[in-house]
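Undergrad:
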Amino acid sequence: MSAEIVETIIKILVVVLVFSGLGAFGTYLERKVLAYFQRRLGPTYVGPFGLLQVIADAIKLFTKEDIIPQHANRLIFSIAPVIAMVSAFVSMAPIPFFGDFKVFGHTIKPIISDINVGLLFFLAVGSASIYAPLLAGLASNSKYSLIGAARATIQLLSFEVVSTLTILAPIMVVGSLSLVEINQYQEGGMLHWLVFKQPLAFFLFLISSYAELNRTPFDLLEHEAEIVAGFCTEYSGLRWGMFFLAEYAHLFAFCFVISLIFFGGYNAWGFIPGGIAILIKVCFFVFLSMWARATFPHVRPDQLMRLCWKIMLPLALVNILATGLVILLF
30 MSAEIVETII
40 KILVVVLVFS
50 GLGAFGTYLE
60 RKVLAYFQRR
70 LGPTYVGPFG
80 LLQVIADAIK
90 LFTKEDIIPQ
100 HANRLIFSIA
110 PVIAMVSAFV
120 SMAPIPFFGD
130 FKVFGHTIKP
140 IISDINVGLL
150 FFLAVGSASI
160 YAPLLAGLAS
170 NSKYSLIGAA
180 RATIQLLSFE
190 VVSTLTILAP
200 IMVVGSLSLV
210 EINQYQEGGM
220 LHWLVFKQPL
230 AFFLFLISSY
240 AELNRTPFDL
250 LEHEAEIVAG
260 FCTEYSGLRW
270 GMFFLAEYAH
280 LFAFCFVISL
290 IFFGGYNAWG
300 FIPGGIAILI
310 KVCFFVFLSM
320 WARATFPHVR
330 PDQLMRLCWK
340 IMLPLALVNI
350 LATGLVILLF
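Start counting at 1 in the sequence shown, then tack on 29, and there's your number in the working numbering.
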């Protein structure tokens, strides 16, 4: 086995372990942030500052009875949460998390696969997660899960269109689909960040990301205000946890991509080194998603579709047209 293959395997293991841990810690962090906004304390009893609550929740999920409904399709019911996990982690392959660095004279590239269509790969593989709620709802043999799966499919398909069209404008400006090259295009300080050239694309992509990630106020996939839990009504134990671990892992991945495309990525930010700079940006966008959850009320499905097809889609098309005209003329 060549050294390159061994290095790739190590990178894969590191990404899976780190983002699995971040996904678990994300549940604790969100509970603390929401508690702050709601003037509560959040987890406090299990360990210092409630930090061991993450381990307690993991033990509960691993030991909780895992029930499969009697008339469910057992194979598809079991595969659905695996699809959610796989799509979330595989989509991270072309993401350059940091700049290159050296360890004992050996250059380490913190990216699993530097392909020239990395952004397209990320969007394509991430969109495969739509099969998880769809198959989960269909296989559960429950009318509540079926309705939830239909609602989830409509939402995810709709906002996939918007997010893909939105990201075309920054691609036209840079002239590349590689996340590494998009990052390099923004070298030279804040004035080179794409958010200042494509502010509308940033806001549209951020909103569509929340919809694809099932984040409030667009959390219609598993609507916590309802008695049932949408497509995963019949799930429990570890399989239930896999859906939400994938959701948080996908959240961190999207925050990295937003930072890379619009906010200079891992380029040095003033006196702040590039590696620390991108961590600050990612943490800000994770916090922003939690802030939005604590601030905005849920939207109805008809309001969500109106926002997508009547407001965001036309704005994305207008932005593409305007960007093309500017590039052509200037």
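Every residue, glycine too, gets a C-beta built ideally from N, C-alpha and C.
#1: Closest to Met319 by C-alpha separation, out of Ala64, Leu233, Pro228, would be which residue?
#2: Taking C-alpha atoms, which residue in Lys226, Met271, Gly304, Gly79 lies nearest to Phe48?
#3: Identify whether Ile141 lies in helix, strand or coil by the three-state DSSP scheme.
#4: Tell me, please, which residues DSSP counts as bridged to Ile301.
#5: Once you ignore the five residues that flank Pro98 on each side, which residues in its own chain have a CB closer than 8 Å to its CB?
#6: Would you mind reading off the limits of the alpha helix (DSSP H) that contains Phe272?
#7: What first and last residue would you give for the beta strand (DSSP E) that runs through Phe130?
#8: Within its chain, find whatever has a CB closer than 6 Å to the CB of Glu189; leave out the 5 residues flanking it on each side and keep chain order.
#9: Restricting to Cα atoms, I'd like to know which of Thr37, Leu104, Leu223, Asp86 is closest to Asp143.
#10: In its own chain, which residues sit with a C-beta less than 6 Å from the C-beta of Ile140, not counting the 5 before and 5 after it?
#11: Helix, strand or coil for Thr245 per DSSP?
#12: Near Gly128, which residues of its chain fall below 7 Å by C-beta distance, leaving aside the five closest residues on each side in sequence?
#13: Taking 9 Å as the cut-off, decide whether the C-beta atoms of Pro199 and Leu220 are in contact.
#14: Measuring CA to CA, which of Ala323, Ala345, Gln213, Ile112 is closest to Phe291?
#15: Could you check which residue in Lys61, Leu274, Gly134 has the C-alpha nearest to that of Arg69?
#16: Spell out a yes or no on whether the segment 237-253 and the segment 179-186 are touching, meaning 3 or more CB-CB pairs, one atom from each, closer than 8 Å.
#17: Going by DSSP, name the residue or residues bridged to His135.
#18: Could you check whether the segment 276-292 touches the segment 203-212, counting it as contact only if at least three pairs of C-beta atoms, one from each stretch, sit closer than 8 Å?
#19: Pull up the distance between the alpha-carbon of Leu149 and that of Phe285, whole angstroms please.
#20: Check whether the Cβ atoms of Asp86 and Thr56 lie closer than 9 Å to each other.
#21: Which term fits Val44, buried or exposed, when burial requires 16 or more other beta carbons within 10 angstroms of its beta carbon?
#22: Alpha carbon to alpha carbon, what distance is there between Met201 and Gly353?
#23: Can you tell me which of the three DSSP states Thr366 falls into?
#24: When you compare each of Val75, Ala165, Ile84 to Leu104 by their alpha carbons, which one comes out closest?
TA: Well, looking at it:
#1: Ala64
#2: Met271
#3: coil
#4: Trp298
#5: Phe106, Ser169, Asn170, Ser171, Glu263
#6: 266-291
#7: 130-132
#8: Ser156
#9: Thr37
#10: Pro125
#11: coil
#12: Tyr295, Gly303, Gly304
#13: no
#14: Gln213
#15: Lys61
#16: yes
#17: Val132
#18: yes
#19: 15 Å
#20: yes
#21: buried
#22: 7 Å
#23: Missing from the structure shown is residue 366; the chain here goes from 30 to 359 and no further.
#24: Ala165
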